[in-house]
Amino acid sequence: MKKTLIKKGAEADIYLTNWNNEKAIYKKREPKEYRNLILDIKLRKHRTIREAGIMHDVKLFGIHAPLVYFVDTKKTSILMQYIEGNLVKDLPDRKLVKICKEIGRIVGRMHKSGVMHGDLTTSNFIIQKDIIFLIDFGLSSRTRKIEDHAIDLRLFKEVLNSAHTAIMEQGWTNFLQGYKSIVGVARKNQVFSYVSIIEQRGRYATVV
Amino acid sequence: MLGLGIESTAHTFSCAVIEKKGTRSKILSDVRSIYQPPDGQGIHPREASRHHVKNAAIVLSECLQKAKVKVNDLDIISYAAGPGLGPCLRVGAVVARSLAFYYNIPIYPVNHAVGHIELGKMLTGAKKPLLLLVSGGHTMLLVFSLGKWRVFGETLDITIGQLLDQFGRFAGFASPCGKRIEELASKSCNYIALPYVVNGNDVSFSGLLSAAKLEISKGLEDVCFSLQETAFAMIGEATERALAFTREKELLVVGGVASNKRLAEILTSVCKRQDCKFFVCPGYYAGDCGSQISLTGLLESSVKNGVKIEDTFVKQSWRVDSVEIAY
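So, in structure tokens, the structure goes:
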């Protein structure tokens with residue numbers, strides 16, 4: 021299999037390759053020399069299995085995600101569909117603000133179906149024409165707990181704040197609007213108030 | 040310009056004098072006295088503040104002597120106004136106020152975490168780093184954007200320093216316990232599985248602490264080793280995620296835990312993978328010290344005037360991401 025490295029992610033190396041004459045992505049979790057071997061193998065294996073499983077599941081809820089072609093638990097690699105498009109992270113601010121609403125809807129749909137993503141950053145959304153794909157389910161899990169869903173929201177807020185500072189406020193408002201439209205006001209309020217609880221747990225967040 | 044910095048946020052009372060000429064700064068002296076709680080116990084805020092009161096004058100005069108300056112020569116005085124332990128913070132603030140008022144010298148309240156960052160930048164020469172602040176009070180990944188340090192990831196409960204200290208105290212070590220744990224860990228390579236929690240760029244250590252305490256009977260060296268391996272791998276992963284996302288080309292590590300060799304090893308490897316330069320604050324200046332405060336005060340004085348005595352304050356909870364940085 022011929023493959024070209026296109027990104028060295030934090031967790032895995034991403035290669036562009038071919039599968040049945042289609043462009044495909046080969047995602048391989050390489051051993052991390054800095055991590056203890058036992059811990060390393062455990063993490064890589066768990067995450068590969070979970071990622072493939074949940075990436076498949078979310079499509080049943082109407083979320084666009086890459087198709088899974090092949091999973092190798094020994095090599096801890098996944099062969100999946102290549103998604104053409106731009107990272108939401110790289111969009112101009114004006115567009116990003118708008119898209120936050122649709123992202124909110126996608127996240128709402130995912131949560132409503134009992135999945136948390138675990139790494140909800142703007143670099144994990146790909147926009148293809150007017151379809152938004154969600155990728156990278158390595159830290160995802162099946163959960164309906166308010167706290168877990170709040171962790172997703174908080175991370176997205178944190179990323180807006182640190183990487184898209186200028187549009188943070190409007191982007192976040194739009195996100196919540198989109199989220200609310202799917203999960204309903206009551207659930208949105210529950211999750212949202214838990215976000216504040218997590219934030220207050222942050223070091224030196226509450227004034228004494 | 041000559042600046043005196045006073046640090047008293049936790050167990051360390053320290054004074055330092057820095058001379059700043061244009062963009063170059065030089066540490067003329069940095070004197071510390073560290074409160075030592077009994078073995079197996081943590082910092083008692085009242086006892087620590089008593090230690091500071093007792094030692095303040097000694098540290099201050101030694102610091103001025105070593106720098107060969109008189110109080111009258113000082114252009115500004117800065118003190119760590121937070122975050123930290125209230126009783127301890129007040130000691131530093133009182134010393135700073137007294138000097139500033141009596142000698143009529145401009146006074147600057149400084150954020151302790153910003154102090155760590157600025158001194159780390161000065162000593163390592165890092166220009167625009169992704170910042171990892173690891174200490175007893177903080178575990179944070181920060182990026183500078185639009186006039187503030189923005190939190191990219193942080194601990195959702197206790198800090199790495201608290202994890203090490205609380206585990207160490209449970210095992211009966213003297214605080215701070217990082218060194219001892221590092222020593223014991225280096226004697227083992229037998230990994231005991233412990234909970235590993237990374238949520239995106241955030242980490243959580245409380246479950247790890249409880250689990251490590253429960254495993255202690257399996258052998259102290261093995262548990263120390265496993266605790267370090269797990270906790271530092273978590274920090275390594277969170278850092279790598281932040282580097283991959285921000286595409287920053289520099290990583291700077293500051294704070295007391297920055298002096299841990301194993302952590303440095305892990306982060307070096309992370310940086311190699313992400314093609315990024317690695318900077319670590321030199322050991323002696325990684326922990327709390329007056330130089331951090333003095334330098335930050337001098338930087339602030341380049342863009343604003345000192346505050347009025349009646350407006351000086353201490354703030355136990357003063358988040359680094361709420362500080363406006365104009366210089």
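Protein chains in written order, with the working numbering: chain A, 21 to 228; chain H, 40 to 366.
Ideal placement from N, C-alpha and C gives every residue a C-beta, glycine not left out.
Nearest in C-alpha terms to H/V149, of all of H/C310, H/K343 and H/A120, is H/A120. By the neighbour-count criterion, in which a residue is buried when 16 or more other Cβ atoms sit within 10 angstroms of its Cβ, H/V359 is buried. Among the residues facing chain A, H/L195 is included, as its CB has a counterpart in that chain under 8 angstroms away.
Taken through DSSP and simplified to helix, strand or coil, H/M161 comes out as helix.
For A/S182, the chain H residues whose C-beta falls within less than 7 angstroms of its own C-beta are V182, S184, R189, V190 and F191, listed in chain order. With the criterion set as a beta carbon lying under 8 angstroms from some beta carbon of chain H, the members of the region 131-162 of chain A are G138, D139, L140, T141, S143 and L159, in sequence order.
In the three-state scheme derived from DSSP, where H, G and I count as helix and E and B as strand, A/K23 is classed as strand. Within the region 66-140 of chain A, the complete beta strand (DSSP E) segments of 3 residues or longer fall at 88-92 and 97-101, listed in chain order. Look at the region 247-308 of chain H and you find these whole runs of beta strand (DSSP E), each 3 residues long or longer: 289-293.
Straight through space, the alpha carbons of A/E71 and A/E42 are spaced by roughly 21 angstroms.
Boundaries for H/V190: no alpha helix (DSSP H) harbours it, while the beta strand (DSSP E) harbouring it runs K187 to E193, taken from the DSSP string. When H/C263, H/Y324 and H/C320 are compared, the shortest CA-CA separation from H/R208 is found for H/C263. Fewer than three pairs of CB atoms, one per stretch, sit closer than 8 angstroms, so the region 180-199 of chain H makes no contact with the region 60-73 of chain H.
Contact annotation for A/G191 against chain H: no contact, minimum CB-CB distance about 14 angstroms [criterion: below 7 angstroms]. Here the alpha carbons of H/C102 and H/Q75 stand approximately 21 angstroms from one another. A/T96 has a beta carbon lying at 8 angstroms or more from every beta carbon in chain H. Between H/C315 and H/L282, the gap from beta carbon to beta carbon is short of 8 angstroms. DSSP places A/M188 within a helical segment (H, G or I) once states are collapsed to three. For H/H151, the CB contacts under 7 angstroms within the same chain, skipping 5 residues up- and downstream, are T48, A119, G121, P122 and G123 in chain order.
For A/V179, the enclosing alpha helix (DSSP H) starts and ends at I166 to A183. In the same chain as A/R125, and ignoring 5 residues on each side of it, the C-beta atoms closer than 8 angstroms to its own belong to G198, Y199, S201 and I202, in chain order. For H/C102, the uninterrupted alpha helix (DSSP H) segment begins and ends at P84 to A106. The closest CA to that of H/F271, considering only H/G329, H/W188 and H/L171, is found on H/L171. Along the region 114-132 of chain H, the positions whose C-beta sits under 9 angstroms from a C-beta of chain A are G121, P122 and G125, read in chain order.
Boundaries of the beta strand (DSSP E) harbouring H/G44: L41 to E46, taken from the DSSP string.
Using a CB distance cut-off of 8 angstroms, H/V309 counts as an interface residue toward chain A. As the crow flies, the alpha-carbon of H/V362 is around 34 angstroms from that of H/I220. H/P215 sits buried, since 16 or more C-beta atoms from the chains shown fall within 10 Å of its C-beta. Taking all protein chains in view, the Cβ of H/D69 is crowded by 16 or more other Cβ atoms within 10 Å, so the residue is classified as buried.
Taking a cut-off of 8 angstroms for Cβ pairs, the region 229-239 of chain H and the region 55-69 of chain A touch, as three or more such pairs fall below it. Only residues of its own chain outside the window of five on either side were considered, and among them I147 have a CB closer than 6 angstroms to the CB of A/N106, listed in chain order. Annotation: H/A303 has no Cβ neighbours in chain A at a cutoff of 9 angstroms; minimum Cβ distance is about 11 angstroms. One finds nothing in chain A with a Cβ atom closer than 7 angstroms to the Cβ of H/F209; even the nearest lies about 21 angstroms away. With a threshold of 16 other beta carbon atoms within 10 Å, H/I144 meets it and is buried.
Counting C-beta pairs closer than 8 angstroms gives three or more between the region 53-62 of chain H and the region 318-338 of chain H, which meets the contact rule. Under the Cβ distance rule, H/T335 does not count among the residues neighbouring chain A, no pair being separated by less than 8 angstroms.
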